[in-house]
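Structure, as structure tokens:
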């Protein structure tokens, strides 16, 4: 009887400890990971802006922070300055005390099942203030048209295509400007932003 209780106690301890290590894993931007449900992904970028590029279509800079590096602005282009472009195609928060978080990741289905990608991720500020509301878009190729995904998209099994997904969230400017901790979690991996 004592042996049976000892064995059960050991099993309970092992199972309890395995639960401690089965949670969120640490990730690094630019490296490729496979989530527990078979999504192979790379977090490309997390950045912040007062305004992002809102011009859809086959625009390479769609939803990226709007600055002088935008391919639609400059000498010989339709818009000479960031300010002119922002008036027509800029997306910014309704409140001047808010900022936009831009997220880019590449993903493909590496599982044996069809998988729905609808993940924007979670931004965690100061270990407890979480933000996950926003919008998600993708395109099928570098020349493709960006499509917003209010309900996500199903990636079929045995299709080796990788797709770029972009998301944005609106957060208080304190989240961006503060020195307090900021992490981003996507598909079970946590990325330290600051």
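In my numbering, the protein residues as written are -16 to 177.
Cβ coordinates follow ideal geometry from the N, Cα and C atoms, glycine included.
Would you identify the three-state DSSP class for residue i, choosing helix, strand or coil?
i	result
residue 172	strand
residue 167	strand
residue 24	strand
residue 49	coil
residue -7	Summary for residue -7: the model assigns pLDDT 45, below 50, so the residue's position carries little reliability; its value from the coordinates is reported in the next sentence. Three-state DSSP puts residue -7 in a helix.
residue 177	coil
Since residue i contacts residue j with CB under 8 Å, what's their CB separation in whole angstroms?
i	j	result
residue 35	residue 46	5 Å
residue 86	residue 32	About 12 Å; that fails the 8 Å criterion.
residue 37	residue 72	5 Å
How would you write the range of the beta strand (DSSP E) that residue i sits in, first residue to last?
i	result
residue 70	Not the beta strand (DSSP E): residue 70 falls in the alpha helix (DSSP H), residues 65 to 72.
residue 140	From DSSP, residue 140 is part of no beta strand (DSSP E); its letter is neither H nor E.
residue 8	8 to 10
residue 96	No beta strand (DSSP E) contains residue 96, which DSSP labels as neither H nor E.
residue 105	105 to 108
residue 37	No beta strand (DSSP E) holds residue 37; DSSP gives it neither H nor E.
residue 119	117 to 122
residue 14	First-last for residue 14: undefined, no H or E at that position.
residue 113	112 to 114
From which residue to which residue does the alpha helix (DSSP H) around residue i run?
i	result
residue 84	Premise fails: residue 84 lies in the beta strand (DSSP E), 81 to 92, not in any alpha helix (DSSP H).
residue 160	156 to 160
For chain D, check one thing: does any of its Cβ atoms lie closer than 8 Å to the Cβ of residue i?
i	result
residue 149	In the structure shown, chain D cannot be found, because there is only a single protein chain.
Is residue i buried or exposed, if buried means 16 or more other CB atoms sit within 10 Å of its CB?
i	result
residue 60	exposed
residue 41	exposed
residue 179	Because the chain in this structure spans residues -16 to 177, residue 179 falls outside the shown range and cannot be described.
residue 11	exposed
residue 167	buried
Please name the residue or residues paired with residue i in a DSSP beta bridge.
i	result
residue 30	85
residue 149	87, 120
residue 125	Residue 125 pairs with nothing; no bridge assigned.
residue 102	DSSP output for residue 102 lists no bridge partner at all.
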